Structure formats: structure tokens, C-alpha cells
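First the structure, in the form of C-alpha cells, and then the observations on it.
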């Protein structure tokens, strides 16, 4: 059953208001409350001095109102007394500076000292509350990697990295081969000669970086698992989660997701639009609504990482941390919450209950104002109270899949080879090309089964593993590959027979060489399959196939063979939109493209429409139900609103 | 009596030219000569080896020509031998690097070692020259804070900061409350746990920063006072000054000004325009004249900081330190000097006598070229010789005040919450709105008496102290407040009953929440009170008042209650111009708006017009006197020129 | 005899392919092979463990095919074991951080430890191969200064700098005078007080910087000479070279060139265009061809630095290190190679034989693809095989010289005094003004004899030495000087009688002061001698001469006296083009200006045309020969192609 929740920091308020807070939450229809993360200095004010009373009381009060507790381990904020005792807890930045106390996330994942204290405090909390019937979910730490903290350049990280490399390669000669260390006399005689790849005179070896990225991702998983293992011992019936973030790819969430029950995430559509690389026109159009595909992309990505997903922090109003922090359109918070549920989320929880008047986040809105009056989000949540019970657990299968690959992103970050290549932007552009047709989509990992789909989009898959290759061959779906697919081996090097490497059985061609071009070079592409331009990247392809799309200068842009399409150049938004639309029509998947800012989604036994536009938008005929069938809204949606009808 | 002066570095030139220099200064009508700052290595070539002869001689020669001496302590440039003996003199930058010897201002205000040497050299100089009849003014150090030196991140600064905090809070628990350290487990158990707010993993606590800004400002005042106290002992009849800068707000000049007799400043209109955030169009229009309100703003600000103000360094030609360094229009140097006097300056002094052909400032013009020939500034000063004696000491009271607040600037720098909010730009925009009407204006500190004004502008006052509140209530003036006024308590936190806090007795409203928006969001505003747009910032206001101005989407922009006006959004230049013009008309303060680049000012028993335009400009009818009354210029001013007539 | 070559890394490939590689090189018509640089870890896998067998074999195989070897010392890449033994080898960056192992060029030129190891490995290699008949040339190290490595801020550099200063000045008082240390109390009592000029509080003394630049340049020359002296002992009949770079001016190549037999350089026209400050329009027009004057400028510069010049690394396709890396137009690689020979290059050699599939440069094209198939460069070299034997050693004298001065570049980098002044851009702009007229040009050092030229361009010569002055007076050529010429003395200070100092005998004027202006200030200039605008820089000149060009506001722009022309403002491209064209017409040097992207050059007994345009271009009538005379191409050149005909 889908539910709503809220993040709550009782330690920020006088105990006299706790009971009233709990009652108001329950009255509002909330059923989940997250608390505890960041509270280490209150739980353990000095070494070994545990102070549980406040937390006992707070949990008790919430439980009295039948609210379920999502309890966080407080390891994102070790207290000052612990840092002062152990300076080997702190991470180092890429410039070699210690990242000090004074905010949060001030620790290095590779600090053995900190790992032991992380386990100690987790054990103490899980021991005390693991059997509490109201504590039904545990969150480890908070936002692993926020503030660029996945990768630490400390001596502890260097030591752990060497051990990781020795485990992976056993023999340093194997590492020398994998990295190509014969180049520039980089050959190592022993693992303990290897340093971290920062502060080199010019760029370090790309496989050195790639292994460091992988190691750093593994350290996050390992740190989480140390806590999760302890929690499972004390609370075998509770679910375990961690809150992931938006536009954040520094660790592999597919791998991480194997170690949680629910992968939750923190959805801040306005903050992320402000931070993004989008054009000013796009930012202006969606200033107070967010990019219409921001939340959906992450819902669909995180849904496939773990058994379940949810939003644990939903933006409730203006935030404090983006370059600019506008207020959401009226209704927008409710629409975001409903969209989470429509995409299959287990629950949607607002951050936070009451706006704090002090410290770093004092300008971050809550459901209540600092003076305890209801803020916009409070009212919008109240309006959902009658709608929630109508939702079911029904899932609607998607016919389209988009393959997303963390390692391709890492490889292109390490060796971009061109200013216009951004893996995240490309993946989101291809995702949008599907969503603007009103289609649901699954985002899947390389190697995931593809047999249930009719159309599989692969924006770019640098290294094609045997598992990924087998999945492509096993499906009957139409396959659409972007450039650079199959361009690298497992070490990020060029495969012996060049790209597209293991994709060649699908389409007989070879990428002889590639070029990258600046933003002003956008050759036009026009053809029966698509119209637009290519930009940023182009492959010179050797093949007997005739291209099905070429640019204005006659350079090949798209090849087709059997059920495989492969780009020889990076399509711009117009070109990917029209190529995907052509494929969707060919597969009879679509019935019309949507007006600006409108998105559709099936889920919870219903169909939903969400209007991200600042204008009224009408669901196209053929996609909308008859007038009387709406459970919420209707065919013409006000700005920021949603509509809902039974999926028949 | 108003006077002109010059900055002089006899140590840069052979003694053979000193006497001729002094004669030429006197012949030119100069009466003040500044010297001595930067000369430590010549005064004390080695530890304790005092070498006074050159300075004795130089002062004697100048005194022989009846020139008065403004003598500077040389503490902005401690010599290398002193640094080599004491490495705890040097400041550290925000990145944790020592800021080394090799230029100037290479010391940390919190270095106890340096404080003692600063007092030692000051005592030696004041002892020698304190009773000299020609030495009538003492300047401490030079440009405190230049090159970002107010805030040092050294261990000495950390130690002094902890002591400052302990003095302020006594109990660390009080500090924890004030800073909101319950947030993110930042609670301290003891003052000696507290570090400086730099090099934290993400942003440090804003009150931590605010107290560090206050501490750093206090350290500047303290360092100055250590010297001033010594000087007063030896030279009880001399005036004490220090040279402030333009666009520089890192210490509180209202507080600092209490410890000088004259607050002088260094006016470089072209250098500061080149450095500024102004549009290219504005920079182009005023390329060789400077922003028409740059000098005036600082004259009016510094006039209210201390018993008197003056310009001690006037740009004489191209300088060396701005991105681009154009030459002033012919006549412009004379116009700048006269404007200083018109705004009530005690004197105006040119930097420097003769351009040095060597070292960092070799491309900085002087009154003489390096080959000893007169440069433009020399000739323009000569032309003022006959005008100066006509000026009187008469002051003309202003009817408009603008409230400027260093702490509001600091708070918005620490937590800008939006890209478009810049306190300095806002204050200057509001200042310009008054000056373009031909009105004189006083810039005043929060809490200053406001009873003598008819119109008081408060661009933004984050924290409203009891004193400021009382001053608002005591005046009958019309009050115009910008957004964010009353948005913070004394710790920079949100007040319990939200904004506008202590301004609520003036106007009954509450700011429920605020939003910041990017530069492309500029909703239009049209109404009887004003026309333009809002930008960057908007408050959602809860009130029973009806707005007197709203934007094109119906959002409230300006409220009015009794004699108080308050913006709910940040006005752009057009909107603040028209709202101020409407208020001025209502108060019968103005008779017409001025053509581009023209500025008026009453002072010294006269009225003045200054033409900052590259075109001829004519004083509007009604503001100009009859033709025969001009003492200088006339109703139509050539580019860069001034006009003057008796104020009747 | 002109020849072609290739850079080859046998250590990257299995020995089984070495013999086939050699045969294919010989078959292709190559005669030179460069190898060995970067191979230290293979030559000496551990301390003193020499492993020559692979290199013996590789050289033997190449010699068997009559290929001549250019052998590189491997000192650009000291192995990890050596770094681990001696941490005083590594350089420090300007921010005070050690520049670590992990890429290349990880050493400080001032490390005495490294100097001794550099000499040790050079001696070992020269001892083994110095007498080998196939080894006809030795390259020291690789790309001195690449990755900003000329200037190191290490303690070893500080020590060596102090010794260099003591040698130069003997007495620290002389240094104090030369630097103007009386300014800001910077006076030193002893050389050991002097630190490096980085990490000062604000900008360090400019002569301090200038001497540090000169010292750093000298350290490069010294490091090279240490190796060259050893090589000459063992290989007295071999030539010595080093590979310089494009757009790289951190050491003085005129001085350096005195210590090589051939100054080779590495020509990457597309990579450098991508990195450049050119407009997007210019970058777009020449995206896949390179700037039409990039290679020519460096050919002409390096030709005058040493007895001979050559290109040792020619870009063969897309590279990996520029922001964007497009593929050259078909034919472009062949055109670049021929242009090198036309400009008098001894040989032209392609980097590299086969693209490496691993490590930092895996995306850098070669003549062969990683899968051993021919890439574009292979085919284009093959097409030159029949053309090369027709070329002779004949040289064609140029009638125009452009004076280039490393110290002027350094002085303007240290004290730019304006955003629009870039010495390199100015020099290239003036070079282009000549080349677009179809004229050949020599680039010469200050003081070089000028008697053989009819026109001498001096874009800017800050300090005019006695030698330079004598050369100007000794020639009958027309002289054209840019602004700031003669503006500095040998210490970078202002000369006693101001600019143009020692040029005043050529043209009687004095620069009273100078102004710099931003990019939006571009006053128009129209006159019989030239049309365009000035930008960035203008001098106020005192003279009895009437200007021959003035701007729209009447400010003087160009003066003329006898055979000397001198600008009082920096001409934009249009103005310098038209002024040079007027002078060329006056001297009857030119017969027409060339269409976009077309360049001409005489050399090797022939005349050549090169088409850098993306369009067909036709050689103007009067410059082209009769149709039947072409040895390659014809009067209308395809994009990227060249034409060649006998010079009669």
C-alpha cells in the first residue's frame, strides 16, 4: 500500500511540542516518520556516554500515534570529540587538503578507525531499537557521496586502494598489462609503489583512474554493508534503505542496490534544475516546476536497482542550497508526491516537518514554517489524503527499456575526448525522447534481461560485457545504440578489433576512428527515419551497410541491420526524438506526442497525467479517458496539477 | 578650509631633487604631503638599527615650504629580516597556505608577535616626530584589508578567535544555542574545540562564519587602536587617520571610524569601474570618467563614519592594477578633486607626486611623469588654485538618508540564497535613484538618528536592532524598506515570528517564505507608484494590507502603511528609480531628473555640477542659476568638467 | 635532401611485429625513425639493472631496412623506483604542491639529484649506441616545458635561483637597485633572503618575476647541455636535436637553439586551434585544417633558432589532448608534411606509427590503426613518395622579416597592464598580414642582421638592446614598430627618458603615458595608409611629427619618419593588414592578396600553394604559373590540398 511520510528532527525542538507534532502528522494522513540521522552528538555527547532518553521518548510518542519509524544511523555527522581523538577519520580532497570538521560527511570511507566507530554506534542503536515494533525501517548514514565525498585522497585511501588492487590483480605484472603501464615508463614493480591518481604532473593513466573510481564505489558499498549486517542481526524483520540522490553517479547504484530492501532517494526538482547544465530557456520554462523528466528518470532508474524504491526526501518549497531557490508552483508538491507513487514508489516522504530557523539549512522550507504555521506543502499533502486509499499495488509493465551504465559514465568522465560528450545528458535526452511520446519506460543495467521489451535504447555502452551481449542477443526487441558503444574493453582500453567489439554480431561494421567537435559544429541530418542534427561526436565507420541517415555533407549518421540500429554520430534532441518516434510508430507503441511539460504514467491500478507546464495543457484525444472517469483532475490540467483515472 | 595634498615617496628619489619637489608642490598650491608608509626597511634596515636621517631631512625640507606632513606608520610592509625571524607574522589564506613575503600586507592581524613589532615601530616614529610642528596628521598602516587580508586562517587567528568567542559567549552552551549547533551534530563541549570555518567538507555553519567575520573586523579595529593609542600619547594635537578603500566592506567602517579623527579613503574611479560587475554598456559609457556615483557613494558613506572625511589618494591618470587601465578624460582629475570637496571632504590628495619607473606600480601615473615632466594631473591641479580660496566651510544638510549596514552585507555574503542578490549593488542602485534626481544624501548607520530627514531609504537591513527600530519610530520621514529587512535575528537566524520582525510595528505584515530567481526571470511591474520589474528576490507576504504595486502575474511587490513603504520583491533599477521619484515628488524634494552622467551637490557655500558624461550636458532649467552667477563653468558642461556657483 | 620519418614505440608491441613494421616503413618511403624517449623503465627496470637487448634488437631491425634512427634520451619519464629513492626529483607547482609521479615530466630542472641521474642514463645510452652507424640523430628528453614544467617552485629551484642571482648581480645592493626594492620595503640584505615569487600576498615585484623567468629558461638550456655534452663525446658525428612545441614560449628558443644542430618541433594544427583563443567563427572555418598560419609561423620561427629545423611529430589524425579533437580533412596530413618541407624543414616525421590501444594517448591517431590497418595518414604519406625526389635543397630568401622577442612576451605576461594585450596573438596577427599577401617571411631574434630585408615588422620590442638598436640602424629596410616598443629597460623598468628609448634616433617622439582599454572600445581608423580600428592599447605621444593615421576622435595612431613607422595604438587585424599591404605595395613586394585559407611558399627549388580552406580556392592570376607547369595539383586547389611547381 502506498504511503506518505515526513522527515523529522525532534532534537531541534523543545520536547513540549513533540506530542502535538505527532498528532498533527497522524491527522494529516502521514504514516511514516524518518528520524535520527545527524543526531550522533546527542546520542553520544562524549566518548561512550550514551544518552537514549530523548530518542526513546521521541520514538514512543510517534509510536503512540501509530506512526512507523524509519531510523537513521548518525554516521554522516561524527561529533567533534571523536574527530579530535582520531585525525585519521577525515577525508582528503583531490588537492591534498584535509576536509575538516564543521559541516557534515567529514569522514573517509577508507578510514579503518571510522569504520570501527561506524559499526560501534550502529550496533548500539540497532541493539536498542532493533526489536522496537514501530521501527520498521533503517536508513544507513545519509546521502553517501554528497559534497563529492565518494573519492577521498587520504593516506588511508591509498593504503586501501593498494590492497584492493592486489586483490583484483594478484600480480603487479597483470596490473601493468591492464593499465598499459609500458606507456611513459609507468611500470610498477610492486603494489606498494602505486599512489592515488591525483596531483600528477599531467593526466594520470585512465585505467588507474577507472580502478580508483571502482575502488571508491566499492568502499561505499562496503561501508554500507558493515552497518547493514549489524542491523539485520538486531532487526531481522526491518527493511534497510539508504537515501540516494539526483544526478549523482559516483558509485554504482545497481551494485549498491543489491544490499538494501528499498532504495530511497531525495528528490529536489527545482534545486537540481537550477544547478543543471540546461539552457536558460529550459530553466525559465520550468523554473518553479522542475524538469518534467528529472524525477521520472530517477524513479525509473532506482526502481530497477533494488527490490523497491521510494522518495524519502521530497522538496517541500524553496530550498537553500541551489544557486537560485524559487518557490514551487501551487500544487506542485502534491504532483511530485503522486508522480513518485505512479512510478511505483513504495512511499513518498517530505523533507522536512518544520523549517529550522538556524544553521546551514535555515532557508530550506518545511511542511510547517519556523513559526509553526502550515506552509504550502502541508496543505498540498492534506489534499492527497482522500486520494491515497484508492491506489492499488498493481504494476504496469513497460514496453521500452533504456540501458544505463555507470562505468560508461565514469570512462567518459575520465577520458571525455570532447567537450560536448556528457553521458548523463545523453541518457536523459534519450529518456525524454520516449517520455514525450507518453510511454512508460524501465531503466535497466547492462546484462539485465531484455526479453520483455519491444524497444531497447542504449545511449552508449562503452564496454560490452559478455552478459550484456547475451542479453542483446536474447531479445527480439528493436535495439538502438548510440555512438561509442563497444568502444572499450573491460579496462577502458580499445578492443583488439576496435568498436563496436561484441556488438558486431548484431550489426556488421567497424569504427575506424572517431572525432569530437565543438558546439558550433552541428551538421544537419534529414531523412525518412529522422530529422535534426548531429553534434559533439562522430565515428568513421567501415562497413558494407548503407547508412539509413546521413548528414548534409554525406557523412553516415545511422546504420540499420536486422533489429539493430546504431548511430555513427551523436544525435541532438531533435534527431533522437524523431528517430525514437519513428521506431515507436513502427512498433505501434505510441498514439501521439504530448504537449510541452505533460507526462503520462500507469501505476497503482491507475493512469496519471502530470502537468509540468506553466500553462494549462490538455491530454491528447486517444490518450485521455471519457470525462466522467477521472478520480482526480480532468483532461485539461491546470499548471502544476495532476489527473488520475482508472487503468482499464 | 578645504585643501589639496599629494602622496610623496622621497625614498624613491635621489636627495638632490627633494628640495625642488617641495618647492614645486608649494607653488602648485598644495598644502599637505603624505609620506612614510611602506618605508620600514629604510627606517630600520636591520633589527633595532634605526636610520632617521633621511626622514628627518625630508620632513625638514617639506616643512621649510610650509607643507604639512601626514606621516604614515610603515606596518603594511614589514621588512624581510623581521619575517625571517618570526614566521608567525604571516597570514594564511582560506586554502590553508601561508601568504608569503614579496609584496605587501604580509601579516596576520592576530599575530601577537606582529602586534608587538607594530607597536614598537609606531612608538619609535611617534616618539621622534610626534612633537614636530609640521606633522599634523598620522596615518596608521595602509589600506587595512587590501588584497583580502582582513580574514586570516592562521593558527594565531584560530587562537584569537577562540578567545574572542569565549569573551562573547562565556559559556560554550550559549554559543551552541546561538549557532544552532544541534544541527548536523556540531555541538561543542569546549571553546578550544572550535576551528576556523574554512576547509570544511561542505559549507560551515553561517553563524560560525558571521562571528568569524565580526571577529576579523574587530581585529582590524584593535590593531589600529594599538597604534592610535601610542600616537595620541606622543602627538596629542595631531589628527589620526587611516585610508579606507572603495567597494570594500570586510570590516565595519562605522565602528572603525570611531577611532580616527578623519576617515580618509583612496578614490580610483576608473580602476574600480574596470573591476566592477557593471554591464559592458555602462563600463563603455563611463570608461574614462568612472561611474558617476562611485566617488559620491563613498564620500557620503565615510563622511558619516567619523568626525571628518577626505580623499587621501586620488587617481591621477591610468593606474596599474585594474584589468584595463584607461586614461581619464581631460579635466576629470580636477573634477574628481572638486567633487570630494563638494561632498564635504576636509581635503583631497593625489596619489602620487611622481610616477615610479620601477616595481609593481611602475605603470601607475603620478602628477609628474617618471622623467619629471608634468603629467595631466599636475596641470589640472594647477587650474584649481584660484578656485579653492572661494570655498567656505559651510555644510548643507541633506533631506534624504540611505541606511547602509555592514552586517547585512556579511550575512548575505555568507548565505546569499540566490545569485542575483548583491548587497553592495542594491545599495548603490538605491543611492543612484536619489542622486539622479539632483538630491544630496547622507549614508547612515543602523541606529543613527533619522529625525532630520524627510525620506529614509533602507535597501535592506537583515537584523533590526532595538536602536535601529527606535530610530525608525522616532522620525517623521517617509521610510522605504527593501526585501529581507528584518529577516534575521542578531545571530543571523530567522526571528521567532519571522520577518520583518521588529519592523512589524511600522507595517503589519509577515514574510511567510521567500524565493530567489535567476537573471532571466524579471516579471514586469506597472502602477501609479512605479514602473519597472522585480528581479532576484521575492517574498510571499501574509497581510491584510493591499499591495500598492503588483507584478504582471498579480504577485505583490510593494506595500504601504502610514509612513512606511516596504518592497516584497527586489526592484530593478527602473522600478527603484520611479518609486523613489514618486516619493520625492510627494515630499516636494525634487525639481527634475538629471541628464545622463550629470550630478549636483551642495557644499562649501556653493552648488556644484559634475559632468561624468562623454557628451556636453546642460543643467536642467530650475536647477541652474542665472548665467552670470557661475564661479566656474556654466550651465552647459563639457565632458569631464564641473561648474560651481554660490549657494543662495 | 628532404625526407620523411615516423615516431615509433617498439616497446608497446610484441617483438613478432617489429620486422614487419620496419619493412612497411621502408616500403612507404620513410627514411627516419624516432624511438627511445619514454623507455627508461624498460632500459633500466631497477637501479643499475640495464636491459639493452630489446633496444639492440629494435635498432638492428630498423637498420636492416636502411632506416636511420633518431634516438631519444628517456629523461622525460624517470621510473617509479627512482622517484621513490629521491623525493627531491619532483617539481613543485606555483601553489606549493609537489607534482607527483603518474604521468610524465615529473622532475624539477633544478634538482641536482635528477641532473646527475639524467647524465648517468644519457651516458649509458650514448656509450652503447653513440657509434652505431644507423643512429644519426639524438633527441634530448622530450618537449621541455610541456605541462607547464619550465618553472618549478621547489626548494631546489629556490636554492638554484639564489645562486643564479648571485652570479648575475654579485652584490645584493645591485639587485635591490635593478628590482626597485626600495618600493614596499622589499630591500634584501643577502641573497639567501630571496624566495621564489609565488605565494606572495599580492603580486610580487615584476623584475623578481622576470629574473625568475630568465633563470628558469636558463635551467632548461643547462639541463639540455648536460646531456648534449655527453652525447657529443660518444657520438661526435651525430646530430643533436630536441623537440620544441607550438605556442610555447616559456624558455628562450633563440638561446636554446644555439645548442642543437636541428631544432625540431611537434606540429598539431587541429589540437592547437581547439586550444586557442581564436573566435568561434575562425575555429569553425578551420576546424579540420588548422589555422593556416599556425604551422608556418613556427616553421619560420624555429628555422632561425638553429642551423636547421624540422617537424619531428606531425599530427596524423584526431589527437586526444585538445578540448575537441576533430579528424583532419582528407589530404590535410600530406599538405602539412609538404608545407614543412616548403618552409625549409630538413625532414617531416609523423607521430606515431601505430595508435596505442591503452593509456593516456589511446585516442591519439597513428599512421596505423590499433588493429594494424592503415589509417588516413598512412595513405597520404604514400602519395608523397613520388613527389619527394623532385625536391632540391635550394633556399629562397625572404624579403620580409618579423622580429620576435621572448623577453617582450615574458614582460607582458608579468605585467599585462590590460586584458587585450597578448604578445603571441599580436605577433601572429602581424605574421598573418604578410602571409595573406603571398609573401615569404623570416622570423628573427632581436639583434639579428636585417640588411637583407626590404621590410621589417616589429610587433613589439619592450626592451631595445644595443645590438637590436644597431641592427635597426644598419638596415635600409622599411621598419614598422608596434606600441610598447622601447617601453622598458633591461630590467623591465621604465627607461629614464621614457619610450621609445633607443628607438628615438629612428623616430623623434616620446610616449608620455599609455592607456589600456577593454574589448568593447575599438575606435575606428581611416586613412590613406590603412583602415580598421585600434584596440586594447594606446600611447599618448609627444612629438613634432604629424600622425599619418588618426582615429575617429582625432587621436594619433601611426607616425612616420624617414624609413620608420611606429604605431601609437595597437592595430586590429584589419588595420595591420592594410598598413602592411600599403607598405608592401610601396616596396613593390606583392602582386595580390590571397583568397581565404590559401598560402604560398617558395622552397626546395619549387613554389607551393596550400589550401587551408574548406572550399576550392584558385591561385590569383599573376601568382600562378602556366597550366602545364604543375608538378602536383593545379591552379584550383581542392580543400586541404597543395599544388607545386618549379620556381623559375
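Protein chains in written order, with this note's numbering: chain U, 251 to 898; chain F, 251 to 898; chain D, 251 to 898. Glycine included, every Cβ here is placed at the ideal spot set by N, Cα and C. In this text, all values refer to a predicted model and were calculated from it rather than measured experimentally.
Around the C-beta of residue i, are 16 or more other C-beta atoms found within 10 angstroms, so that it is buried, or is it exposed?
i	result
residue 642 of chain F	exposed
residue 516 of chain U	buried
residue 430 of chain D	buried
residue 344 of chain F	exposed
residue 755 of chain U	exposed
residue 566 of chain U	buried
residue 738 of chain D	buried
I want to verify the contact list: residues of chain C whose CB lies under 8 Å from the CB of residue i, in sequence order.
i	result
residue 477 of chain U	In the structure shown, chain C does not exist; the protein chains are U, F and D.
Between residue i and the rest of its own chain, which residues show a CB-CB distance below 6 Å, the 5 nearest in sequence each way excluded?
i	result
residue 354 of chain D	326 and 327
residue 788 of chain F	765 and 819
residue 385 of chain F	319, 321 and 379
residue 305 of chain U	none
residue 613 of chain F	570
Ordered along the chain, which non-local residues of its own chain (more than five positions away) have a Cβ less than 8 Å from that of residue i?
i	result
residue 381 of chain F	484 and 485
residue 607 of chain D	620
Given this structure, state the Cα-to-Cα distance separating residue i from residue j, to the nearest angstrom.
i	j	result
residue 720 of chain U	residue 726 of chain U	12 Å
residue 387 of chain U	residue 560 of chain U	12 Å
residue 310 of chain D	residue 376 of chain D	16 Å
residue 273 of chain D	residue 629 of chain D	16 Å
residue 582 of chain D	residue 768 of chain U	20 Å
residue 865 of chain F	residue 452 of chain D	38 Å
Please list, in chain order, all residues of the same chain as residue i whose beta carbon is under 7 Å from its beta carbon, the five residues on each side excluded.
i	result
residue 497 of chain D	522 and 674
residue 365 of chain F	473 and 476
residue 444 of chain D	412, 415 and 438
residue 290 of chain D	324, 327, 328, 329 and 371
Go to residue i, then tell me how far its alpha helix (DSSP H) extends in each direction, as first and last residue.
i	result
residue 774 of chain F	Residue 774 of chain F -> not in any alpha helix (DSSP H); beta strand (DSSP E) instead, spanning 774-776.
Subject >> Members of the region 596-629 of chain U that neighbour chain F once the beta carbon cut-off is set at 9 Å >> reply: The residues in question are 605, 606, 607, 608, 609, 610, 611, 612, 613, 615, 619, 620, 621, 623, 625 and 626.
Original post:
Quick one, which residues of the region 525-552 of chain U are near chain F if we go by CB-CB under 9 Å, in chain order?
Top reply: 530, 531, 533, 534, 537 and 538
**OP:** Could you please tell me which residues of the region 640-671 of chain F, in chain order, have their CB closer than 8 Å to any CB of chain U?
**Re:** 665, 667, 668, 669 and 670
Subject >> Selection of the region 346-358 of chain F by Cβ proximity to chain D, strictly under 9 Å >> reply: 347, 348, 349, 350, 351, 352, 353, 354, 355, 356 and 357
Original post:
Mind listing which residues of the region 390-422 of chain F have their C-beta closer than 8 Å to chain D's C-betas, in chain order?
Top reply: So the close ones are 396, 397 and 399.
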